[in-house]
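This report refers to the structure that appears directly beneath it.
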DNA sequence: AGCACGCCGACT
DNA sequence: GTCGGCGTGCTC
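Residue numbers (my numbering): 1461 to 2151.
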């Protein structure tokens, strides 16, 4: 920690010596830790003389709120000599800890993220600052020198980024630019016997370059599987003490310890999941995101900002470089590339996978057919199995995740709860996927039939069929339940659900993407780009020149994989969204609540927003949602984002206050005050509404 | 979330 | 005239 800002000796003297009405007072602006929209603003508190040394921006405090007994927690975000509040200021009750955990930079970031997504700053700060752990904090304070020396860039060979032309990415990072990088679709050995996706090497190289320049790099990945690969790649080129992990799988103490480490001013590499993008850093040089279109990068808690939205804001505020790395390209990124806001840097030399499309299944080869494999792919797999592992990607885990009546084909429902019936393994009794009830004596509701038919096949069933088709070959299953990170170079068939594919030593000798048709059948605005992402990430696990066979997918999607021209596909797809006025051509916000409130909210929005010729707002709905509520979708151009967010937010605040009602039960005579839970909910940029 | 304040009906 | 139930709104 370097000194204590915001405090002068003169300030201390005048505050303690003068008791007059016009005495100089030190006032702290405090952000309250509360999800209530009406408290989402700064409150002024007087800093009592005894706390002047500790009451600096960023520290946690306790403050009185409304009446003497009530204490709220919050953070000091700034300190000044006067207040714009006309009423009487209360004193800060207590400085909980003198560690300034909410740095001014992160506070500004949280405020803007909240404003952009119609949420409260304290909801964002909750993601950015982990819960306090007293023991950890005490140890950190004891170990931290008041003026820790800033160790400058380590001497030695300057690291480089390979695969994109000499010095190209290095320069972009040094200039603090925003760049999109197509990941190199192969695997790499980062230590003897340790194999990772080649993307992880690129990120590790970018981090090493940033570190060598004396700056900090934040690397955000979707989940721990990616993080393991990235950490392995980092370990090969960066000293362990320079690497700080911040992720959801850590225990609270571990997370807090690592978070506190980030408060030090020396440069480091911060690696973690979506919350890492909020990590404090005095000298941020790079924010890099792997596979930024992965939905795991979207925060499920309100206000639900995604890593890349946060990163764009932080890039702007900090001047650090932004690097988005992925195998495929989604329409969101394509839009920003076409705008010129993000620059694409191409591979050099170009490394392309070898993708083989096949016709629909249904060939004559009996064992292959039972395993849903066209005979052409069958021979590719058999040949590949002579030299190493082969990956088979399927859509669903389990054995038979969907069952139907063999007679009338109606979906098999649980007699107890109407949930879907499924088979756990070949000889299992059908069980409900929702309530788990066993249905030994199932009988079809519509035709009285008693025989079940397997509609969809999961990893388990596929593994069984492959075992029959390739006798003597070892079969390994990796799915949500049994999740493997790596497999050896020994010949084996690895059956995996999308996203759970292990990395094979040396790469897979062949890859078979089986359930393309089924994956495309999902009803969603983004199916095509989602599928391309899943397939591309699997294909990238192939050994050099090893064939990747995609079954049952043709047309533009197959062509995109074969030519590996993801930008062309994204361009076409984005054109379609523009004509339809769907995201990401426009932004959306869903507004849900009681019908009258939603109506008033939309009226206020359309009244206040200054739609012009180039920027428009329109509303889809409202339509009935669950529990008597209605939901409307507001579509608006990016230029109107601030106005729309401000208007919707003010409606949320207005409807959050008041609205308590006292109800007297006519039966018992008891009085209950309650707040009707469904007032008004707003969520921005959620594309799940088109299911 | 709590809690004070104020408005309106019933009361010594 | 004033007590108090109960909605309304504010919180530095």
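Note that CB positions come from ideal geometry on N, CA and C, so glycine has one too.
- The C-beta distance from residue 1745 to residue 1676 rounds to 6 Å, short enough to fall under 8 Å.
- Proximity to residue 1788 across 1896, 1983, 2080, 1989 peaks at 1989, based on C-alpha coordinates.
- The beta carbons of residue 1643 and residue 1786 sit about 6 Å from each other, so the pair counts as a contact at 8 Å.
- Minimum Cα-Cα distance from residue 1917 among the listed residues 1926, 1861, 1961 corresponds to 1861.
- Taking a cut-off of 8 Å on C-beta distances, the stretch 1892–1901 does not touch the stretch 1933–1941, as fewer than three cross pairs fall below it.
- Residue 1968 is positioned such that its CB atom lies closer than 8 Å to that of residue 2002.
- For residue 1838, there is no enclosing beta strand (DSSP E); the residue is part of the alpha helix (DSSP H) that begins and ends at 1835–1844.
- The secondary-structure analysis by DSSP pairs residue 1535 across a beta bridge with 1491, 1520.
- Only residues of its own chain outside the window of five on either side were considered, and among them 1632, 1783, 1803, 1805 have a CB closer than 6 Å to the CB of residue 1639, listed in chain order.
- The residue among 1868, 1505, 1986, 1623 with its C-alpha nearest the C-alpha of residue 1906 is 1868.
- In terms of CA proximity to residue 1660, 1686 leads the group 1984, 1686, 2148.
- Taking C-alpha positions only, residue 1769 is separated from residue 1836 by approximately 44 Å.
- The beta carbons of residue 1562 and residue 1585 sit closer together than 8 Å.
- Taking each of 1957, 1774, 2117 in turn and checking the Cα distance to residue 1576, the smallest one comes out for 1774.
- Spanning the alpha carbons of residue 1748 and residue 1664 requires a straight line of approximately 10 Å.
- Rounded to whole angstroms, residue 2025 and residue 1993 show a C-alpha spacing of 13 Å.
- Contact between the stretch 2023–2038 and the stretch 2056–2075 is absent: fewer than three C-beta pairs spanning the two stretches fall below 8 Å.
- Here residue 1644 carries a coil assignment [DSSP, helix/strand/coil].
- Under the three-pair Cβ rule at 8 Å, the stretch 1944–1958 does not count as touching the stretch 1884–1897.
- Scanning 1669, 1560, 1535, 1973 for the CA closest to the CA of residue 1628 turns up 1669.
- About 25 Å separates the Cβ atoms of residue 1974 and residue 1811, ruling out a contact at the 8 Å cut-off.
- By the Cβ criterion, the stretch 1526–1545 is in contact with the stretch 1483–1493, since at least three pairs of Cβ atoms, one from each stretch, lie closer than 8 Å.
- In the three-state scheme derived from DSSP, where H, G and I count as helix and E and B as strand, residue 1906 is classed as coil.
- Uninterrupted alpha helix (DSSP H) stretches at least 4 residues long and entirely within the stretch 1963–2046 occur at 1976–1980, 1987–1999, 2015–2023, 2026–2040, given in chain order.
- Membership of residue 1957 in the beta strand (DSSP E) is indicated by the continuous run 1953–1957.
- Considering only 2097, 1484, 1501, the residue with the shortest C-alpha distance to residue 1795 is 2097.
- Beta-bridge pairing by DSSP links residue 1657 to 1647.
- In the DSSP assignment, residue 1702 is bridged to no other residue.
- Membership of residue 1567 in the alpha helix (DSSP H) is indicated by the continuous run 1564–1576.
- Unbroken beta strand (DSSP E) runs of no fewer than 3 residues, entirely contained in the stretch 1665–1696, are found at 1676–1680, following chain order.
- In terms of CA proximity to residue 2018, 1991 leads the group 1838, 1981, 1991, 2031.
- With 16 or more other Cβ atoms inside 10 Å of its own Cβ, residue 1593 counts as buried.
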